[in-house]
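Student:
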Amino acid sequence: MPAPAFTFFIAHAGADLDFARSPYHLLKPKLPVWLDQEDLLPGDDRNLEIPRVQRRSKATVELVSCRCEALWAESQGPGVLSTLVDAVRRAAPGLLP
């Protein structure tokens with residue numbers, strides 16, 4: 001198995017992008033961290049690239065807020081969070097204001 005390309009993969013709902021940028025910019029100077037809106041390149045297929053990068057990361061930081069938690073869970077179906085966690089090595093949830 002190749003070495004992880006990133007230390008942290010930041011997962012967030014669209015409504016929380018501004019909140020996701022804060023830890024991204026805080027960590028980026030010192031650690032390899034990935035955020036879709038900062039690191040996807042023009043022409044990248046986000047449906048292929050996001051899972052690929054997440055698998056190549058040491059940990060996923062899942063940012064969840066009260067604004068979109070229920071909407072996101074409903075749109076993804078029951079059990080999606082546990083499935084997502086099972087798909088990566090480690091996950092660290094982060095509850096946003």
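Sequential numbering from 1 applies to the sequence shown in the working numbering.
Using N, Cα and C, we set each Cβ at its ideal position, and we do this for glycine too.
What you are looking at is a predicted structure, and each value in this text was computed from that prediction instead of being measured.
1) Thinking just about the alpha-carbon of each residue, which of D18, S57, R55, L48 is nearest to the one in E38?
2) Tell me the rounded alpha-carbon separation between L48 and F9.
3) Using DSSP with H/G/I as helix, E/B as strand and the rest coil, what is F6?
4) Are there 16 or more other CB atoms within 10 angstroms of the CB of H12, so buried, or fewer, so exposed?
5) What residue range is occupied by the uninterrupted alpha helix (DSSP H) comprising A20?
Tutor: Put simply:
1) Mapped onto the sequence shown, residue 38 falls at position 38. Per the Cα distances, D18.
2) Taking the sequence shown and counting its residues from 1, the one referred to as residue 48 is at position 48. Taking the sequence shown and counting its residues from 1, the one referred to as residue 9 is at position 9. Spanning the two alpha carbons is a distance of roughly 15 Å.
3) The sequence position of residue 6 within the sequence shown is 6, counting from 1. Residue state, collapsed to three classes: strand.
4) Locating residue 12 in the sequence shown gives position 12, where the first residue counts as 1. H12 is buried by the Cβ-count criterion.
5) Start at 1 with the first residue of the sequence shown, and residue 20 comes out as number 20. Residues 17 to 27.
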